[in-house]
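A.B. asks: My structure is below; once you've seen it, I'll send some questions.
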Amino acid sequence: MAFTITQALNRIISHQDLEHDEMAEIMRLIMSGQSSATQIAALLMALRIKGESITEVAAAACVMREFATQVSVDVPHLVDMCGTGGDGAHTFNISTTAMFVAAAAGANVAKHGGRSVSSSCGSADILESFGANINLPPERVTQSIQRCGVGFMFAPNHHSAMKHIAPVRKELGVRTMFNILGPLTNPAGAKHQLMGVFHESLVPQQAQVLKALGSTHVLIVHATSGLDEIAIGGETAVAELKNGDIHQYRITAQEFGISKYADQEIKSALNATSIDESKNRILSALANEPGPARDIVALNAAGALLAADVVGDWQSGLDLAFKVIASGAAKQKLDAFVTTTQSLA
């Protein structure tokens, strides 16, 4: 007998978690347009108040992956670099910049992103501003990764079923389970990932979810300063999933030799309130201008290189990241990505 949204709501309101199959059934109703906006809103809010379980999030991610338009690519060291957004920090696009560093250092990056969530512009906005074509169909994204080591998958192009949920999310205006589902549903099926999250409680949870989803090597990070990135000031909480084991630890940038900056210096160097300001930060970091912007990009690229198994430890990743920034290879990778996506249009 079919499991209904009303049954799910009754269970959740009683502070009981849904089983994997039950959550999957409900998600299929939502993603196929068989539930009303009222039902979707009620379910999302009930789950938020109860607190989504690992099983519920994993089941929802499985169904989102089922409904996604997939990108088929077979290359080594394939990694996704993304954040949940929602940290409210208004920084420039750190992980988007770091992906060009990681790609220049030997990773293949399958970047899954969209428009702005918490920054002045999202990964899609900034890549578009550099002249990249973000609307490539799946087979062209595959070619982009094969040719230049970077492919961008614009989320709305790969998750058309989200049209049933998007208006509800917009009207609610608060965080829901879908804020954490986006980074779990990479259309290229990348088994390696660097994921920033907006709250420290999500660090172990997302690692457990990705373990359930079959990921190989993943780093989930959250900075004590609140960033959904690896920070250069203060500590960063890390959950590292590797070959089925999850190891939690904390790191600081200074233990890897990065200079200690004053908090205000970091904030002013990373802050970006417009696309133009974000572009300037990115270009200065890739031009190897010393300072917080370059250093945070290098450190996040190091995390991606570790997750992608290009390197075996943080220090090696950071050294390699600084090397490709200094040589100009990272900036060349950005230029190559823009040229490649234009030629594939």
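Just so we're aligned, residue 790 is where the sequence shown starts under our numbering, counting upward by one.
Glycine included, each C-beta is placed from N, C-alpha and C at the ideal position.
Could you give the DSSP three-state label for Thr1130: helix, strand or coil?
C.D. replies: Helix, per DSSP.
A.B. asks: Note down, in chain order, each residue of its chain lying with its Cβ closer than 7 Å to the Cβ of Ala1096, except the 5 sequence neighbours on either side.
C.D. replies: So the qualifying residues of the chain are Val868, His981, Gln982, Leu983, His1006, Val1007, Leu1008.
A.B. asks: Does the segment 920-931 come into contact with the segment 992-1000, if we say contact requires no fewer than three beta-carbon pairs (one atom in each stretch) closer than 8 Å?
C.D. replies: With the cut-off at 8 Å, the segment 920-931 and the segment 992-1000 do not touch.
A.B. asks: Does His1036 pass the burial test, meaning 16 or more other C-beta atoms within 10 Å, or should it be called exposed?
C.D. replies: So His1036 counts as exposed.
A.B. asks: Taking the alpha-carbon of Ile915 as reference, which of Ile1114, Lys1112, Ser1063 has the nearest alpha-carbon?
C.D. replies: When only C-alpha atoms are compared, the closest one is Ser1063.
A.B. asks: Thinking just about the alpha-carbon of each residue, which of Gly822, Ser825, Ala826, Glu841 is nearest to the one in Arg800?
C.D. replies: Cα-wise, what sits closest to Arg800 is Glu841.
A.B. asks: State the DSSP-derived secondary structure class of Ile794, mapped to helix, strand or coil.
C.D. replies: It is helical.
A.B. asks: Find the nearest neighbour of Val1127 within the set Asp863, Phe792, Gly940, judged by alpha-carbon distance.
C.D. replies: Checking every option, the nearest Cα to that of Val1127 belongs to Gly940.
A.B. asks: Just the C-alpha distance for Asn1089 and Gln796, rounded to the nearest angstrom, thanks.
C.D. replies: Rounded to whole angstroms, Asn1089 to Gln796 spans 43 Å at the Cα level.
A.B. asks: When the Cα atoms are used, what is the spatial distance from Gly1046 to Ala893?
C.D. replies: Looking at the two C-alpha atoms, the distance is approximately 22 Å.
A.B. asks: Using DSSP with H/G/I as helix, E/B as strand and the rest coil, what is Lys1000?
C.D. replies: Looking at Lys1000 - three-state DSSP - the assignment turns out to be helix.
A.B. asks: So, at 7 Å on beta carbons, what are the nonlocal neighbours of Val1086 in its own chain, with the 5 sequence-adjacent residues on each side left out?
C.D. replies: Counting only Cβ-Cβ distances below 7 Å, and skipping sequence neighbours, we find Ile883, Thr886, Ala887, Val890, Ala1074.
A.B. asks: Can you tell me where the alpha helix (DSSP H) with Gln935 in it begins and where it stops?
C.D. replies: Looking at the DSSP string, the run of the alpha helix (DSSP H) that includes Gln935 is 927-937.
A.B. asks: Please list, in chain order, all residues of the same chain as Ala1028 whose beta carbon is under 7 Å from its beta carbon, the five residues on each side excluded.
C.D. replies: Answer for Ala1028: Val992, Pro993, Ala996, Ile1009, Ile1035, Gln1037, listed in chain order.
A.B. asks: Could you please give the first and the last residue of the uninterrupted alpha helix (DSSP H) stretch that includes Met1136?
C.D. replies: Limits of the chain in this structure are 790 at one end and 1134 at the other, which puts residue 1136 out of reach.
A.B. asks: Tell me whether Gln841 sits in a helix, a strand or coil according to DSSP, three-state version.
C.D. replies: Per the sequence shown, the amino acid found at residue 841 is Glu instead of Gln. Here Glu841 sits in coil by DSSP.
A.B. asks: Does the distance from the C-beta atom of Val957 to that of Ile829 stay below 7 Å?
C.D. replies: A contact, by the Cβ cut-off of 7 Å.
A.B. asks: Considering only their Cβ atoms, is the gap separating Arg1039 from Ala1026 smaller than 7 Å?
C.D. replies: Result yes, Cβ atoms of Ala1026 and Arg1039 sit closer than 7 Å.
A.B. asks: As a quick exercise: from Gln1121, Pro865, Asp1124, Gly1092, pick the residue whose alpha carbon is nearest that of Leu1109.
C.D. replies: Considering only alpha carbons, the answer is Gly1092.
A.B. asks: For the putative contact between Thr880 and Asn1060, defined by C-beta atoms under 8 Å, what is the C-beta separation to the nearest angstrom?
C.D. replies: Sure, about 6 Å apart at Cβ, within 8 Å.
A.B. asks: Using beta-carbon positions only, say whether Thr965 and Arg837 come within less than 7 Å of one another.
C.D. replies: Cβ distance < 7 Å, so Thr965 and Arg837 count as in contact.
A.B. asks: Would you call Lys959 buried or exposed, if buried means 16 or more other Cβ atoms sit within 10 Å of its Cβ?
C.D. replies: Exposed is the call here.
A.B. asks: Taking the DSSP output, what are the residues bridged to Gln982?
C.D. replies: In the DSSP output, where bridge partners are listed per residue, Gln982 has Asp869, Val1007.
A.B. asks: Quick one: what's Asn1060 bridged to in DSSP?
C.D. replies: Paired residue(s): Thr880.
A.B. asks: Helix, strand or coil for Lys959 per DSSP?
C.D. replies: Helix, per DSSP.
A.B. asks: Any idea if Thr1129 is buried or exposed, counting beta-carbon neighbours within 10 angstroms, 16 or more meaning buried?
C.D. replies: The residue in question, Thr1129, is buried, as its Cβ has 16 or more Cβ neighbours within 10 Å.
A.B. asks: Within 10 Å of its beta-carbon, does Glu917 have 16 or more other beta-carbons around it, so buried, or fewer, so exposed?
C.D. replies: Buried.
A.B. asks: Go ahead and pull the three-state DSSP assignment for Phe1111.
C.D. replies: The answer is helix: DSSP assigns Phe1111 an H, G or I state.
A.B. asks: Give a yes or no on contact between the segment 842-861 and the segment 1049-1059, applying the rule of three or more CB pairs nearer than 8 Å.
C.D. replies: No, because fewer than three Cβ pairs between the segment 842-861 and the segment 1049-1059 fall closer than 8 Å, the two stretches do not touch.
A.B. asks: Select from Met834, Gly822, Met820, Asp810 the residue whose C-alpha is nearest the C-alpha of Leu798.
C.D. replies: Considering only alpha carbons, the answer is Met834.
A.B. asks: Hey, Pro945 and Thr873: beta-carbon distance below 7 Å or not?
C.D. replies: No, they are not a contact pair.
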